[in-house]
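K.L.:
Here you go, one structure.
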Amino acid sequence: MERDAALELWGRSVERHNLRYRTMLSDGDSTAFNALAAAQPHGPTRPITKLECTNHLPKRMGTALRKASKDGRFDGRGEGRLTKEKCQRLQNYFRSAILNNLEDQRAMEQAIWATFFHVTSTDEDPHHDRCPAGPASWCFFQRARAEGQPPPPHAGHHGTALSREVSHAVLPIYRRMTNPILLKRAAHGKTQNSNESLHNVMWGHCPKEVFVGKDRVEAATAEAVAKFNRGNFALAQVMDHMRLPITELTHSALAKKDKVRVQKAERATDVAAVAARRARCAGRQRQLEQREDQKAERATDVAAVAARRARCAGRQRQLEQREDQEAERATDVAAVAARRARCAGRQRQLEQREDQEAERATDVAAVAARRARCAGRQRQLEQREDQKAERATDVAAVAARRARCAGRQRQLEQREDQKAERATDVAAVAARRARCAGRQRQLEQREDQEGEVYGAGLMAYGGWRGISTNIIRRRPGTIRGHTQTLFSAMCLHNV
Ligand SMILES: [Zn+2]
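With the working numbering, you'll find the sequence shown wraps up at 711, consecutive numbering, no jumps.
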């Protein structure tokens, strides 16, 4: 797919934009580049040069090393093994060697080999001649030499030592990654970062994990290009084109969004801030190492160990004493007798209470009183039911109720008559219509006002996503066409 897209883009660039692409910056063995090299879209006299991304080249180194480390003979713990951490370090060394020697391809190659020979050196067989000389060198061996000291032992100074076996295994990787053609392609020091950040804006509008139609992808691309080149302010143009009112609020919302975006980016790339962050990380790392050293020291400190053991023994003694006391208490005869006496007392109390309850239940006088109270309540209920029945059959009361019903019926009929009259009254109809028209006008005015606020609110809360989903969905047809033409126009002008 990439291959086809590349052929299409290269093939039409002159015709469409009067532009010839001379270089292609990509990562790895690109089928797209091979296809272009074969197709020669700008003719045989104008070949296309391939450039390597300086972010991806070190990653390729790391991938190759990690693949080698999966061989069971090389990974695992121990001096000279190729662990994951070492692969990462070697990758970082490789990256530094490239970035520090961008202009000089020969020096770049030297620097990469210097890291290889440095990490494969031993006390018996040191190879630090390629390492940078001087007291500020990253190589401990060269630093000692610059200070006139005897070379320190490799063990303890050599964070990334590789055994002889491992160094034989990674040598072909270093040979491949120092290929002069490859390094020449990286000498520009450029990355695909700007591409990737444009893609990031694009996928922000249209997530690549979700399938969407062609229209949506095109709109997202146009939005991303406009936003990438001109910031959120490009939206003002889109709104203007759609005759959406742009208010003060819209302007300030757009300006604020852009300001925040720029501030974020500046903070992320601010050299001083980055240096400070790195310093903090390094500081924390040092603290951790110091703490681990202290722990290790404490653990092996004989006096401390003895003290710890003494404290342990003391605690053990206390526990034993407590257990002895408990056992004594349990078997103490006097204590047992007292406990039993207390138990018996509580049992007696319970029995007395049960006796009292039984007596109350069978007390004849109390039972009679309860029955009398029940009978009284029964009588009251019966009297009330009798009164209700009397009221229901009372003729006078029934007549009064009917009179009230008839009165209400008459009122209803009168009201219906009046309604019918009003409905046919021509003057009344005209008045109603006038009132309806007034309301309609009010509604329209309100919608206009809302439209104005809507544009601003949309920007403040919905932003770009608001444009592409809300407006287009609300007023399909007209605005959809406008938006797409405008977005396409912006794309053409900005690319
Ligand atoms: Zn060295």
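Just so it is clear, CB atoms sit at the ideal spot from N, CA and C, and this is done for glycine as well.
Kindly examine ligand 1 and report whether one of its heavy atoms sits closer than 8 Å to the Cβ of PHE333.
P.N.:
For ligand 1, at least one heavy atom lies less than 8 Å from the Cβ of PHE333.
K.L.:
Restricting to Cα atoms, I'd like to know which of LEU241, ARG262, LEU535 and GLY296 is closest to SER410.
P.N.:
Of the listed residues, the one whose Cα sits closest to SER410 is LEU241.
K.L.:
Does the beta-carbon of GLN326, which I'm using as the reference point, lie nearer than 8 Å to any heavy atom of ligand 1?
P.N.:
No, the beta carbon of GLN326 sits no closer than 8 Å to any heavy atom of ligand 1.
K.L.:
Any heavy atom of ligand 1 closer than 8 Å to the beta-carbon of PHE249?
P.N.:
No, Cβ of PHE249 sits at least 8 Å from all heavy atoms of ligand 1.
K.L.:
Which residue marks the beginning of the beta strand (DSSP E) containing LEU318, and which one marks its end?
P.N.:
First-last for LEU318: undefined, no H or E at that position.
K.L.:
Taking LYS275 as part of the alpha helix (DSSP H), name the residues at either end of that continuous run.
P.N.:
272-285 is the extent of the alpha helix (DSSP H) around LYS275.
K.L.:
When the Cα atoms are used, what is the spatial distance from MET675 to ALA643?
P.N.:
For MET675, the predicted model reports a pLDDT of 45, less than 50, meaning its position is unreliable; a value from the coordinates is still stated below. Taking the straight line from one Cα to the other gives about 49 Å.
K.L.:
Pick out whichever of MET458, ARG282, ALA450 and ARG483 has its Cα sitting closest to the Cα of ALA469.
P.N.:
The shortest C-alpha separation from ALA469 is found at ALA450.
K.L.:
Is the separation between the beta-carbon of ALA360 and that of THR331 shorter than 9 Å?
P.N.:
Not in contact: ALA360 and THR331 (Cβ atoms no closer than 9 Å).
K.L.:
For the candidate residues ALA489, GLY447, ALA491 and ALA495, whose alpha-carbon lies nearest to that of VAL476?
P.N.:
VAL476 has its Cα closest to that of GLY447, out of ALA489, GLY447, ALA491 and ALA495.
K.L.:
So, THR270 versus ARG322, is the Cβ gap smaller than 9 Å?
P.N.:
Not a contact, by the Cβ cut-off of 9 Å.
K.L.:
In the structure shown, what three-state DSSP assignment does LYS430 receive?
P.N.:
Correct three-state label for LYS430: helix.
K.L.:
Give the straight-line distance between the Cα atoms of LYS480 and SER383, rounded to the nearest whole angstrom.
P.N.:
Whole-angstrom Cα-Cα distance: 44 Å.
K.L.:
Is GLN365 near ligand 3, judged by its Cβ being under 8 Å from some heavy atom?
P.N.:
Absent from the structure shown: ligand 3. Ligands present: ligand 1.
K.L.:
Which same chain residues end up closer than 6 Å to PHE444 when comparing Cβ atoms and leaving out the 5 residues on each side of it in sequence?
P.N.:
Around PHE444: LEU414 and VAL417.
K.L.:
Go through the region 545-574 residue by residue and report every complete run of the beta strand (DSSP E) that reaches 3 residues or more, in order.
P.N.:
Complete beta strand (DSSP E) runs here, min 3: none at all.
K.L.:
Taking Cβ to Cβ, would you say ARG607 is nearer than 9 Å to ALA613?
P.N.:
Yes, Cβ-Cβ distance for ARG607 and ALA613 is below 9 Å.
K.L.:
So, helix, strand or coil for SER242, using DSSP?
P.N.:
DSSP places SER242 in strand when its eight states are reduced to three.
K.L.:
Whose C-alpha, out of LEU315, GLU231, ALA280 and GLU319, is nearest the C-alpha of LYS300?
P.N.:
The residue with the shortest Cα to Cα distance from LYS300 is ALA280.
K.L.:
When the Cα atoms are used, what is the spatial distance from ALA526 to GLN532?
P.N.:
Whole-angstrom Cα-Cα distance: 10 Å.
K.L.:
Once DSSP output is grouped into helix, strand and coil, what is the label at LYS475?
P.N.:
Reduced to three states, the DSSP call for LYS475 is helix.
K.L.:
Alpha carbon to alpha carbon, how far is ARG618 from GLN634?
P.N.:
Approximately 25 Å, taken between the alpha carbons.
K.L.:
Thinking ALA551 and ARG558 are a contact (beta carbons under 8 Å), I'd like their distance in whole angstroms, please.
P.N.:
Incorrect: roughly 11 Å between the Cβ atoms, too far for contact.
K.L.:
Under 8 Å: does the beta carbon of GLN358 sit that close to some heavy atom of ligand 1?
P.N.:
Within the cutoff, so yes.
K.L.:
Measuring alpha carbon to alpha carbon, tell me which of ARG493, ALA492 and ALA452 ends up nearest LYS473.
P.N.:
Nearest option by C-alpha distance: ALA452.
K.L.:
Comparing alpha-carbon positions, which option in GLN408, HIS374, ALA352 and ARG657 lies nearest GLU295?
P.N.:
Answer by Cα proximity: HIS374.
K.L.:
Please check the pair THR376 and ARG305, which I expect to be a contact at CB under 8 Å, by giving their CB distance rounded to whole angstroms.
P.N.:
Yes, THR376 and ARG305 are in contact; Cβ-Cβ is about 5 Å, under 8 Å.
K.L.:
Going by other Cβ atoms of all chains shown within 10 Å of its Cβ, with 16 needed for buried, is ASP220 buried or exposed?
P.N.:
So ASP220 counts as exposed.
K.L.:
Given that a residue counts as buried once 16 or more other Cβ atoms are within 10 Å of its Cβ, and exposed if not, what is TYR677?
P.N.:
With a pLDDT of 42 at TYR677, under the threshold of 50, the predicted position of this residue should be treated as unreliable, though the coordinate-derived value follows. Its Cβ having fewer than 16 others within 10 Å, TYR677 is exposed.
K.L.:
Does DSSP put LYS443 in a helix, a strand or coil?
P.N.:
Here LYS443 sits in helix by DSSP.
K.L.:
Any heavy atom of ligand 1 inside 8 Å of the beta-carbon of THR383?
P.N.:
The sequence as given places Ser at residue 383; Thr does not occur at that position. No - ligand 1 has no heavy atom lying nearer than 8 Å to the Cβ of SER383.
K.L.:
Taking the alpha carbon of PRO351 as the point to measure from, which residue in GLU363, ARG459, TRP329 and HIS344 has its own alpha carbon closest?
P.N.:
Out of GLU363, ARG459, TRP329 and HIS344, GLU363 has the C-alpha closest to the C-alpha of PRO351.
K.L.:
In three-state terms, what does DSSP make of THR265?
P.N.:
It is a strand residue.
K.L.:
For ligand 1, I want to know if GLN312 counts as a neighbour, meaning its beta carbon is within less than 8 Å of at least one of the ligand's heavy atoms.
P.N.:
It is worth fixing the name first, because residue 312 is Ser in this sequence and not Gln. Not under cutoff, so the answer is no.
K.L.:
Beta carbon of VAL386, beta carbon of LEU399: below 9 Å?
P.N.:
It is not a contact, given that the beta carbons lie outside the stated cut-off.
K.L.:
Terminal residues of the continuous alpha helix (DSSP H) containing TYR237?
P.N.:
Counting along the chain, TYR237 falls outside any alpha helix (DSSP H), and DSSP gives it neither H nor E.
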